[in-house]
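Numbering (my numbering), first residue to last: 9 to 156. All residues carry an ideal CB built from backbone N, CA and C; glycine is no exception. All remarks here apply to the structure that follows.
Here you go:
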């Protein structure tokens, strides 16, 4: 089973204030601007934004999972944004997003699906989801996820 600790780093976890979905995505993407796993940041950014405009990644339960598989990414990683005030994301359940997991990686479909499946298990756990949203720091978010 996948351990998310392999894909999460404290520097890619942030509490973000955003006016709207576009602002939220831009700030979430910016967490990877200097990341060694991103080959070309502009191409990476465009790929994430293009993917989001195909169909919303707001899956419901106050969660969004923007995601890409791209040649502009060396290996998989997850960036995490916590939005205390919530962001309108055109989610499937029409509720604001308080937690976004940006999954990025190369064109490795099977590994991507394993990461997504593990993340889905965590999101379905209402108590874990509430704990992450209510965390007081990126370190606390990391600790909540590191053994998942």
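Straight-line Cα distance separating residue j from residue i
i: residue 45; j: residue 54; result: 16 Å
i: residue 109; j: residue 72; result: 6 Å
i: residue 102; j: residue 141; result: 18 Å
i: residue 30; j: residue 155; result: 31 Å
i: residue 86; j: residue 74; result: 10 Å
i: residue 127; j: residue 65; result: 14 Å
i: residue 153; j: residue 138; result: 13 Å
Exposed unless 16 or more other CB atoms sit within 10 angstroms - verdict on residue i
i: residue 125; result: exposed
i: residue 70; result: buried
i: residue 106; result: buried
i: residue 20; result: buried
i: residue 63; result: exposed
Cβ distance (whole Å) where residue i is taken to contact residue j below 8 Å
i: residue 88; j: residue 37; result: Rounded, the Cβ-Cβ distance is 12 Å, inconsistent with contact.
i: residue 123; j: residue 10; result: 6 Å
i: residue 76; j: residue 56; result: 5 Å
i: residue 100; j: residue 68; result: 5 Å
Residue i vs residue j beta-carbon contact at 8 Å
i: residue 23; j: residue 90; result: yes
As an exercise, report each continuous alpha helix (DSSP H) stretch of at least 4 residues that is fully enclosed by the region 29-95, in chain order.
Annotation note: the region 29-95 contains the following uninterrupted alpha helix (DSSP H) runs of length 4 or greater, listed N- to C-terminal: 29-38 and 49-62.
Quick check on the DSSP output: what are the complete alpha helix (DSSP H) runs of length 4 or more inside the region 120-154, in order along the chain?
Assignment of alpha helix (DSSP H) within the region 120-154, counting only whole runs of 4 or more residues, yields 134-141 and 146-154 in chain order.
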